[in-house]
Amino acid sequence: MNWDAWLPLLVILSSLLPGLIIFALAEERVRLRTVLNLSGALIKLALVGWMLWGVYNGNHYETRLALLPNLDLVLRAGPLSLFFVTLSAVLWMVTTVYAIGYLEGSPHRSRFFGFFSLCVTTTVGVALAGNLITFLLFYELLTLATYPLLVHRGTEAARRAGRTYLAYTIFGGALLLLGTAWLYSITGTLEFAPQGGFLNGIGKEHHPALIIIFILLIAGFGVKAALVPLHGWLPKAMVAPAPVSALLHAVAVVKAGAFGIVRVVYDVFGVEFAADLGVTGPLAWLAAFTIIYGSLRALFQDDLKRRLAFSTVSQVSYITLGVAIAGPIATIGGVVHLVHQGLMKITLFFCAGNLAETLGIHKISEMNGVGRRMPWTMAAFTIGAFGMIGAPPIAGFITKWYLGLGALEVGQDWVIFVLAGSSLLNAAYFLPILHRAWFQEPPDAWPEEHNFGRKETAWALLLPPVLTAILALAVGLLVTLPFSPLEWAKLIAAREFYQP
Amino acid sequence: MNADIYAILLLLVVAWPLLLAIPALHSRLPWSRHLAIIPAAMLTVLPGDASLELSWLLFGTGFAVNSETRWILLMTVAIWFTAATLSKPSMRDHGNHATPFFFLTLTGNLGAILATDLISFFSFATLMGYSFYGLLIQDSNDEVRRAGRLYIIFLVVADLLLFEALLLAAFTTEDLRYEAVREAMAGASSLQFYLWMVLIGFALKAGVWPAHLWLLATYRSVQRSTALLLMGVPVAMGLLGAVRWLPLGEFDIQGTSEVIQIMGIVAFLYAAQKLIRRPALKILPAWITIAVTGMFIAALGAGLAHPAIWRQYEYLSYPFIAFMGILLATLTFFTSRLQDSPQSINLPSPRMAAFHLWVARCFNTLQRWTKESLFGFQSYWSSTWLKTLKQIQRMLDWQKPEGFVGEWSARITLFVLVGLALAWLAA
Amino acid sequence: MGAMFTTIPWASALILLPLAGGMICFLWPRMVNALGLITVFATALSVIGLGWQIINDGVYHHPIGGWGAPLGIDLYADGLSLLMLSMTALVGICISIYSTAYFKREHTTRFWPLWLFLLGALNALFLSADIFNVYVTFELMGLAAVALVALAGGRDALGGAMRYLLAALLGSLAYLLGVALLYHGFGTVDIALLSQRVEPSPVLWATLGLMSAGLLLKTALFPLHFWLPPAHASAPAPVSALLSALVVKASFYILLRLWLEIFEPVVDDKSVASLLGLLGAAAVIWGSVQALRQTRLKLLIAYSTVAQIGYLFLAFPLAAAAGVTAWSAAVYLAVSHALAKAAMFLAAGNLIHFGGHDRIADLDRVVQRLPLTAGAFALAGVSIMGLPPSGGFIGKWLMLEAALTQERWDLVAVMILGGLLAGAYIFKVLGYAFTQADITHESKTVPASMEWAALLLAMGAILLGFLAVPVLSLVGIGDPFGVSEVRP
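Below, the structure written as structure tokens:
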């Protein structure tokens, strides 16, 4: 039996099976549930590590099942897929630990962790998809798996947020379905093709149709990637519990959209063909507009999670921007931001969750002096925030560096100003938070304080943000080491996007 | 052997204060502030040049000490030592939340001095700049906060400009060490851009006129030890950065260099006339600083215009910065001693207050305007949609069970019609 | 074993077993549950047997009593019939299991015979090779169905049943007239013979009008859907499931057969197909919008059926250029809809049983208390919405493909819009399932068999999404869609 052909499927099953078993577990079987969750996460990490090493050495892993006549369900582990899979696997692990701490004692945990596992399963599926129809399949499943997490609290606000989320994502899914089917009716294949996409041989008469298909696909993915006219659901989705927001903003939903855009530009259309069609330029402008708009809106939010949500709107578009600039270096910047933004934003959301859970703080105006009460949490938050601003040597700096260089390389100097403006705005909405947290006098009493003894908060809540903050710092500091995200992104660019 | 010791020492200079920034550590060590400076002090007294390459760190970082940097290092060590001694007894307390920032700023400062390439310099300067804010803001009163806000705004803008300059440099040359950048930038097409961004960036950081506002405001309001550091930390580092980043001594840049010279001279004259009009004793050193930095900028302009002369006198620039830092720090030290009560806070001059008000008003207006335009658009958008939806709903009402289709006669008619239509179409 | 398997006349068993079972149920009302279940399982076994025969030997053709066409009664089964029979068997089993727990004692004695008659009629219909036979099965099916609707008693149910009865009679009558005309015109009622003999003539056109209208009425295609929502909403849950999943499909199946064999070859003009497509499109939009506006769960599901039937008719205008794809899509949609909609009605039945009402806005905390039911509803919803992976997605994908290759943008738009609206009404229900209102009503426990029956059906609909290749190759046996078209 050839194991290589089943590895991608095993990676998916490693979170699917625990998820399904957890559904069936009784609410009070905490220990078994924890063991299942963590062992699933560990197995997935091990499998992913194995595949990383294999792919690094030039192996291929592919699972292929028939879905329709002439159309297969393909799971393929290439460099780009593994990049995203690794991100999901690592952050799933961390978030699981965090969620166990966060939800301790709250109701419906079996349901929560079941859907949590499903959510990661589908994200990994999105990452591993080897053709557009497989991508579409997992992408839609992701929508469905996330919904119960979003409305987990069951309040009226949660229900309304869930409705908004669905309205956007189902609409996006429909556009995507249309684009995919249309593409299939023109080409007869949907297989992702590295280095130039599969549309190369298409005759000129199809070009107008292809432009519309491009718009459809990008709009479909743009909903989840929160490109500007389609971003409305994201700030509302912050009613979800903190681990869900963290996962939503850092790994699962938003990233799936951004990843889809990368796939469309590079593996479906091929970047040169897309540039010939003249669609990358507008996309870059849209991304730039989103970056600025998201930051502007973030300035005026008093709710911490809402501010972070608008920050995500802005930051995720860096990925789109990097892809749409359509140069090798900018692409590296965009792709590496998949991981960088994930690490930084998950840190920020963990910290926001800690504040809410430990002190009952939800608003920025309540954060006075919180740095003295929870120094480790706020230290992690500070690293995340400076990373977002793009201060060296944190991960965000690396991204901006490559985006800027890439833009210069292809002569699109205007991007530099967008980056500068975004950094300025990021500073404008993050620095006041930091000022409050570290330099204002703390109030006499916190809104709703929970006692954790001598510690600032529970271990399970404290360790994940500290770990991710250290990672965010490390991927910036140790950027030239092999297997660093940047080096892997370079590998992706060399193997999948541009012929050497 | 010797090289190894130097390497370890170089690393320690930066790593040791960084380590001490952890509260659990420095709160347990006596004299921790002084201890943090010791590796740097040792490096200044040990003779000879040394360098250390850390290719795994960031995009490849290097630290080096030579006769030029030693001057700056000496000045820095002296100032920090004084500041460490001067800091109020309460500041050495266990619970003082400003102490970590002391160490972080120190790390940034020393790292920036020792760094051998633009990115490392930039990284350490960023660390230094933002942590210095923590020192500035120790006394929490309104004036300090306003000064701090001004400082941070200037800092953010300066860092942005320098980042862009850095990008231009990196786009031109792979090698980002100072000499390589100088050579490469001298011939680059983006030279003008680079030149101005570097110059403005560092001018903002060093508080050169007309960007001296933050310097005056902070100088007026902060504690003595911090005022001392102002000279050694942002101002001296700003000037040092300009010397290192600008393509000095490469070739004659006509036009631009004259503008720079004129600006420097104007800055000097402006500060001089202020000095002649005898400002309050407390802010005297600040105006002197502004005058000196103006002169320095003028000198840089001259250096850009006459590469040969610059090459000849280049070695002087480092001791100049060092002496300037020491002198100004001493001046600060004594003027503040001369004052009766160091705690008394001078009220800001009416003009400064008016300026602050103006800045605040502008900011608020901008905020309001953006908010209105964004939300206005949104609410308009949603209200139009709602209206349309309601209309559609009203249109749908005819198909209620008791409505038109509810009647059997209507149904049978429909049925017959469909049949007829099909037959007719088939024929 | 193999020999025995192939020699038993499974097709006859398919018809006779349920009819006999129904009779026996009348005779021994005390053991009615067990008897009924045994019959249904035996019928399902017969389907497997017939499937075995068809897969091995190809199309099955059996003149009953040795009398062939044009005089005798022929049984005919190809891939399409087999698929429909399998669908009936599968849905039938689940609904039967469900019904053993659902009905009270006094209702079971009436439910089982009726249901078994209905099953026999359905099987006979799918196996019929002549149009008069079809009429007979129609009548049997219609009467059994009407009686089942009336089973619940009460004003609503009787009113719904009455409407249904009138519609069914009207439809059958029109159909019978068509049969008479065809027999008069071409001298046979055998479909295969008719397809050779028919030629364009006024008789044929009149027949087409009559038969199509009758079948459309029975299929509840917009605007002739008026009888469906009240009947389906007021019937007991398993009956609603039967009606929506199977009965409506039966008339669609006949329409499909007649169209493919008799009408399509002789009607050159595309306008009939266009009209059917237009009505289908209108049904998709209309049914979805109406479903969205409902406040009662069962009415919502019933209107959703109206919409889903519309999809089936979109295949008619598309078949001209992409025949196999379009018809496969329609058939696939029909089957997945059968599974999904049965699951939905059963889930709705659970909810009603549990809470005593079906007001959507009051479905609070169902997820916590009936997780399996909520899961069944959600999974079935996935298929109804046409989201992957599900049978509904495969069908919709094929249909989209057919529409896109012909650049029928109007139909594409209808399909996409229909999917969106379906998403809206499904999640309108699910959205309330997660809320946490206070418990305001007495709740009764739901037997596990009822929950699992619904979930099994829903999972079947999902599973169909992965079985497209074998199922489509199965349907291809006997080439029901004609080979003239070539896939683009």
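Residue numbers (my numbering), protein chains in the order written: chain A, 1 to 500; chain B, 1 to 427; chain C, 1 to 488.
Glycine included, C-beta positions come from ideal geometry on N, C-alpha and C.
Helix, strand or coil at A:R372 [DSSP, three-state]: Within the first sequence, the letter at position 372 stands for residue 372 of chain A. In the structure shown, A:R372 falls within a helical segment according to DSSP collapsed to helix, strand and coil.
Chain A contact for C:P236 (CB, 8 Å cutoff): The residue labelled residue 236 of chain C in the question sits at position 236 within the third sequence. False, the Cβ-Cβ gap to chain A never drops below 8 Å.
Proximity below 8 Å, CB of A:L190 to CB of A:L71: In the first sequence, the residue the question calls residue 190 of chain A occupies position 190. In the first sequence, the residue the question calls residue 71 of chain A occupies position 71. Cβ atoms of A:L190 and A:L71: closer than 8 Å.
Local Cβ density within 10 Å of A:D302, reported as buried at 16 or more and exposed below that: Sequence index remark: in the first sequence, residue 302 of chain A carries index 302 (1-based). Exposed, since its Cβ has fewer than 16 Cβ neighbours within 10 Å.
Min CB distance A:A493 to chain C below 8 Å: In the first sequence, residue 493 of chain A corresponds to position 493, counting from 1. No, because no Cβ of chain C sits closer than 8 Å to the Cβ of A:A493.
Through-space distance from C:G22 to C:L148, alpha-carbon basis: Mapped onto the third sequence, residue 148 of chain C falls at position 148. Mapped onto the third sequence, residue 22 of chain C falls at position 22. Answer to the nearest angstrom: the Cα atoms are 14 Å apart.
Close beta carbons around C:L177, own chain, < 7 Å, minus the five adjacent residues each side: Here residue 177 of chain C corresponds to residue number 177 of the third sequence, with the count starting at 1. Excluding residues within five positions, the ones whose Cβ falls inside 7 Å are L210.
Separation of C:L457 from C:A380, as counted between CA atoms: Walking along the third sequence from the start, residue 380 of chain C turns up at place 380. Walking along the third sequence from the start, residue 457 of chain C turns up at place 457. Looking at the two C-alpha atoms, the distance is approximately 8 Å.
Among C:S240, C:F132, C:L82 and C:F186, the one whose alpha carbon lies nearest that of C:A144: Stepping through the third sequence from its first residue, residue 144 of chain C is reached at position 144. The residue with the shortest Cα to Cα distance from C:A144 is C:S240.
Residue-level contact to chain C via CB, B:R33, 8 Å cutoff: Indexing the second sequence from 1 puts residue 33 of chain B at position 33. It does not; no Cβ of chain C falls within 8 Å.
Where A:A174 meets chain C, residues with beta-carbon distance less than 7 Å: In the first sequence, the residue the question calls residue 174 of chain A occupies position 174. Within chain C, the residues near A:A174 are I416, G419 and L420.
Where C:E106 falls: helix, strand or coil (DSSP): By one-based count along the third sequence, residue 106 of chain C stands at place 106. Helix at C:E106.
Given 8 Å, three or more beta-carbon pairs between the stretch 93 to 108 of chain A and the stretch 460 to 478 of chain A: yes
CB contact below 8 Å: B:H26 versus chain A: For the purposes of this step, residue 26 of chain B is taken as residue 26 along the second sequence, with counting starting at 1. With 8 Å as the cut-off, B:H26 does not count as an interface residue toward chain A.
Per-residue DSSP class, three states only, for B:G62: If you number the second sequence from 1, residue 62 of chain B lands on position 62. The answer is strand: DSSP assigns B:G62 an E or B state.
DSSP-derived helix/strand/coil call for A:P354: Translated into the one-based positions of the first sequence, residue 354 of chain A becomes position 354. Reading off the sequence, residue 354 of chain A comes out as Asn, not Pro. Helix at A:N354.
Any non-hydrogen atom of the ligand ATP within 7 Å of B:N66 CB: Here there are no bound small molecules, and the ligand ATP is not part of this structure.
Strand pairing of C:Y76, partner residues [DSSP]: Reading the third sequence from its first residue, position 76 is the one you call residue 76 of chain C. Note: C:Y76 sits in a beta bridge opposite C:H61.
Touch test, the stretch 338 to 347 of chain A against the stretch 440 to 455 of chain A, Cβ-Cβ under 8 Å, three pairs minimum: no
Alpha-carbon spacing of A:Y318 relative to A:R372, whole angstroms: One-based indexing of the first sequence puts residue 318 of chain A at position 318. One-based indexing of the first sequence puts residue 372 of chain A at position 372. Distance between the alpha carbons of A:Y318 and A:R372 is about 33 Å.
7 Å Cβ shell around C:A330 - same chain, five flanking residues per side excluded: On the third sequence, position 330 is the one that residue 330 of chain C refers to. Counting only Cβ-Cβ distances below 7 Å, and skipping sequence neighbours, we find L312 and A315.
8 Å Cβ shell around A:G294 - same chain, five flanking residues per side excluded: Counting from one through the first sequence, the residue named residue 294 of chain A turns up at place 294. If we look at A:G294 and ignore the five residues flanking it on each side, its Cβ neighbours are A226, V228, H231, F310, S311, T312, V313, S314, Q315 and S317.
Counted within 10 angstroms of its Cβ, other Cβ atoms place A:A157 as buried (16 or more) or exposed: The residue labelled residue 157 of chain A in the question sits at position 157 within the first sequence. A:A157 comes out exposed.
Top-ranked residue by Cα proximity to A:L503, from A:I416, A:L210, A:T480 and A:I202: In the structure as shown, chain A begins at 1 and stops at 500. Residue 503 of chain A is therefore absent and cannot be evaluated.
Integer-rounded CB distance, given that A:I325 should sit under 8 Å from A:A489: Position 489 of the first sequence, counted from the start, is the residue given in the question as residue 489 of chain A. Position 325 of the first sequence, counted from the start, is the residue given in the question as residue 325 of chain A. That pair is no contact at about 14 Å.
Assigned secondary structure, C:R369 (DSSP; H/G/I helix, E/B strand, else coil): Mapped onto the third sequence, residue 369 of chain C falls at position 369. Three-state result, C:R369: helix.
Runs of beta strand (DSSP E) wholly within the stretch 9 to 87 of chain B (minimum 3 residues, chain order): Entirely contained in the stretch 9 to 87 of chain B, the beta strand (DSSP E) runs reaching 3 residues are, in chain order, 50 to 54 and 61 to 65.
A:L103 at chain C interface by Cβ criterion, 8 Å: Here residue 103 of chain A refers to the residue found at position 103 when the first sequence is read from its first residue. Nearest CB-CB separation between A:L103 and chain C: not below the 8 Å threshold.
Beta-carbon proximity check, C:A273 vs C:P317, cutoff 8 Å: As a working note, residue 273 of chain C is residue 273 in the third sequence. As a working note, residue 317 of chain C is residue 317 in the third sequence. Yes; because the gap between Cβ atoms is below 8 Å, this pair is in contact.
Unbroken beta strand (DSSP E) run spanning A:E62, endpoints: By 1-based counting over the first sequence, the position of residue 62 of chain A is 62. Y61 to L68 is the span of the beta strand (DSSP E), which, as asked, contains A:E62.
Supposed contact pair C:G160 and C:S234 - C-beta distance, whole angstroms, cut 8 Å: Residue mapping note: residue 234 of chain C aligns to position 234 of the third sequence, counting from 1. Residue mapping note: residue 160 of chain C aligns to position 160 of the third sequence, counting from 1. Indeed, because the Cβ distance is near 4 Å, the residues count as touching under 8 Å.
Residue range of the beta strand (DSSP E) that includes B:V181: Taking the first residue of the second sequence as position 1, residue 181 of chain B is located at position 181. That residue, B:V181, is in no beta strand (DSSP E); its alpha helix (DSSP H) goes Y178 to A186.
Neighbour list for A:S185 in chain C, Cβ cutoff strictly below 7 Å: Position 185 of the first sequence, counting from 1, holds the residue named residue 185 of chain A. Per Cβ cutoff of 7 Å: E401, L404 and T405.
Contact check, C:S390 vs C:I462, beta carbons under 8 Å: Taking the third sequence and counting its residues from 1, the one referred to as residue 390 of chain C is at position 390. Taking the third sequence and counting its residues from 1, the one referred to as residue 462 of chain C is at position 462. A contact, by the Cβ cut-off of 8 Å.
Sequence-distant residues of the same chain with beta carbon closer than 6 Å to A:I186, five excluded per side: As a working note, residue 186 of chain A is residue 186 in the first sequence. Cβ neighbours of A:I186 beyond the five flanking positions: H206.
Rounded straight-line distance, which links the Cα of A:T146 to that of B:L25: In the second sequence, residue 25 of chain B corresponds to position 25, counting from 1. In the first sequence, residue 146 of chain A corresponds to position 146, counting from 1. Roughly 44 Å separates the two Cα atoms.
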